[in-house]
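Trainee: Heads up: the sequence shown is residues 25 to 131, going by the working numbering.
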Amino acid sequence: MDAQLFKALADGTRLRMVELMNGRAYCVRALSLMLDISESAVSQHMKVLRDAGLVEGVKYGYYTHYRLCREPIESLFQSLRALAEPPPVKQECDAKEQVGCGAAKRA
C-alpha cells in the first residue's frame with residue numbers, strides 16, 4: 025500500500041473533492057464554489073491529489089478539468105480488502121520459532 029495515497033485522502037477537503045469527482049470532471053473554479061474555498065486552496069489540494077496519482081487534468085480550451093484516476097483507488101481498495109480478510113493465523117507459533125516468549129519456556 026502506498027502511504028502517499030493515504031496522506032492525500034487523509035484531509036477532509038481532499039476526500040470531499042474525490043467524492044465530488046466520482047464520475048465527473050470539474051475545473052478548479054467549480055470545485056472552489058462547491059467547497060466554498062479559494063481557487064488557490066483547490067489548486068493546492070489538487071496538486072497533492074495529482075502527485076498521489078489520484079487525479080489527472082484534461083485541458084478544455086483555457087481550463088483544465090480534473091477527473092479521478094480509477095487504478096490507484098481500485099488498487100488501494102484491493103489492498104484494504106486483503107487486510108480485512110487475512111489468511112488463517114496459527115494461535116501459537118512453534119516453540120522453536122519463539123524468541124523470548126513464554127511458549128518457548130513451556131516447551
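Even glycine gets a Cβ: it sits at the ideal position worked out from N, Cα and C.
All figures in this text were calculated on a predicted structure; none of them were measured in a lab.
Measuring alpha carbon to alpha carbon, tell me which residue in R94, P111 and V72 is nearest A27.
Mentor: Looking up residue 27 in the sequence shown gives position 3. Ranking the options by Cα distance to A27, first place goes to V72.
Trainee: Compare the C-alpha of T37 against each of M58, R48, A49 and C51 and name the closest.
Mentor: Looking up residue 37 in the sequence shown gives position 13. Checked all of M58, R48, A49 and C51; the closest Cα to T37 is M58.
Trainee: Residue range of the beta strand (DSSP E) that R91 falls in?
Mentor: On the sequence shown, position 67 is the one that residue 91 refers to. Element bounds for R91: Y87 to L92.
Trainee: Specify the secondary structure class of G81 as computed by DSSP and reduced to three states.
Mentor: By 1-based counting over the sequence shown, the position of residue 81 is 57. In the structure shown, G81 sits in a strand (DSSP, three-state: E or B).
Trainee: Just tell me which of P96, D60, L39 and Y50 has its CA closest to the CA of T88.
Mentor: One-based indexing of the sequence shown puts residue 88 at position 64. Out of P96, D60, L39 and Y50, Y50 has the C-alpha closest to the C-alpha of T88.
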